[in-house]
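Numbering (this note's numbering), first residue to last: 1 to 339.
We treat Cβ as the ideally placed atom computed from N, Cα and C, and that holds for glycine.
Data first, discussion second: the structure below is written as structure tokens.
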Ligand code: MRU
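Right, here's the structure in full:
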């Protein structure tokens, strides 16, 4: 059941990850005990979603320490391994932040690192619950009927330590009986919406449609949804928001239609050290992800691919940013850096 989904957990001597590349066909786990396997799992999106990779990165420091003990690494080799985990993906600030949070505990040994990583995991679940409540309160203060919500990518229990951010708000609306339907963008090229969001919503008995990414703007302009709610990989100090490729198109359509574009993210995703979206590194992934479909090449020989994994929605298009501490009205000038 998605209620019990635990994408990332410490199992005593390593990380137990749901292998998200296999969903929705198979719910299977990966047991990760070395740095190569962890970096590989993060890079091929077996574990994914900003908060989930932040927690995985934090536990990854303990994995590196245990491996160093087993294999007799010296200190520079250990620090290089920790850096490899920290830099496995560039856009979600949670990964580097998760690693940086636990490195001060390295001097006390792996158990201290594990305890701090577990604290991060527990905080994320609590934070997501609070995001759900704040977001639902804010939306229902403006609504006169059960809400029709558009979302992009996957922001549920699979993408976090548990519960979810944007999908956490959806779950809260559903629990309050104020959710009509979710339009889940399929989220090309890796289909986090069609594969993962749909899987989670189905288990939660939340009514939903999967729609092609290209349907999003039309759905919004035809008045078929009341709000778009997305997650974030990094929010800059001025409120510019990096999220899965396709998010900015959703935001532009919401602005034109005059409906709210809501970002749901914990403070661990806010990077006050980055002034604006221009400073956010955008991951570019293999062109094979867009030139092939189901293992078969769909583009002609010689076609080149452009495959940025994320885009940046300017703060002026973000109506509200919901965190565990409340709601900021970003397009009205209430930015994270100015609180
Ligand atoms: O490439 P992914 O699947 O890791 O991208 C994930 C997203 O863009 C999510 O929307 C974001 O990390 C927020 S998850 C709560």
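Short note on residue 43: C-beta not closer than 6 angstroms to any heavy atom of the ligand MRU. Look at residue 104 here: in three-state DSSP terms it is helix. For residue 168, same chain residues with a beta-carbon under 6 angstroms away, outside a window of 5 residues either side, are 128, 131 and 132 in chain order. Within the same chain, and ignoring the five residues on either side of residue 136 in sequence, the residues whose Cβ sits closer than 8 angstroms to its Cβ are 169, 172, 173, 176 and 178.
Excluding five sequence positions before and after residue 125, the CB atoms of its chain that fall closer than 8 angstroms to its own CB belong to 160, 161, 162 and 163, given in chain order. Annotation: residue 237 to residue 301 spans about 43 angstroms, alpha carbon to alpha carbon. The alpha-carbon of residue 50 is positioned some 32 angstroms away from that of residue 72. By DSSP's assignment, residue 308 forms a beta bridge with 284. Shown here for residue 223: same chain residues with a beta carbon closer than 8 angstroms to its own, the five before and five after excluded, namely 257 in chain order.
Residue 165 is positioned such that its CB atom lies closer than 7 angstroms to that of residue 155. By a beta-carbon distance limit of 8 angstroms, residue 265 contacts residue 323. Their separation comes to about 6 angstroms. A contact is defined here as three or more CB-CB pairs under 8 angstroms, and the segment 92-104 meets this definition with respect to the segment 54-61. DSSP, read as helix, strand or coil, puts residue 192 in helix. The C-beta of residue 13 has fewer than 16 other C-beta atoms within 10 Å across all chains shown, which makes the residue exposed.
Taking residue 44 as the centre and dropping the five residues before and after it, the same chain places the C-beta of 21 closer than 8 angstroms to its C-beta, in chain order. Residue pairing from DSSP places residue 164 in a beta bridge opposite 156.
In the displayed model, residue 44 falls within coil according to three-state DSSP, outside both helix and strand. Its chain contains 241, 243, 263, 265 and 269 as the residues whose beta carbon lies nearer than 6 angstroms to that of residue 232, once the 5 sequence neighbours on both sides are disregarded; these appear in chain order. Within the segment 57-133, the complete alpha helix (DSSP H) runs of at least 4 residues fall at 75-86 and 93-102. Residue 101 and residue 145 have their alpha carbons spaced roughly 42 angstroms apart. The alpha carbon of residue 34 has as its nearest neighbour, out of 153, 296, 63 and 6, the alpha carbon of 63. The C-beta of residue 81 has 16 or more other C-beta atoms within 10 Å across all chains shown, which makes the residue buried. Residue burial is scored here from C-beta neighbours: residue 74 has fewer than 16 other C-beta atoms within 10 angstroms and is therefore classed as exposed.
Distance from the C-beta of residue 338 to the nearest heavy atom of the ligand MRU is not below 6 angstroms.
Contact fails between the segment 205-218 and the segment 290-301, because fewer than three Cβ pairs, one in each stretch, are under 8 angstroms apart.
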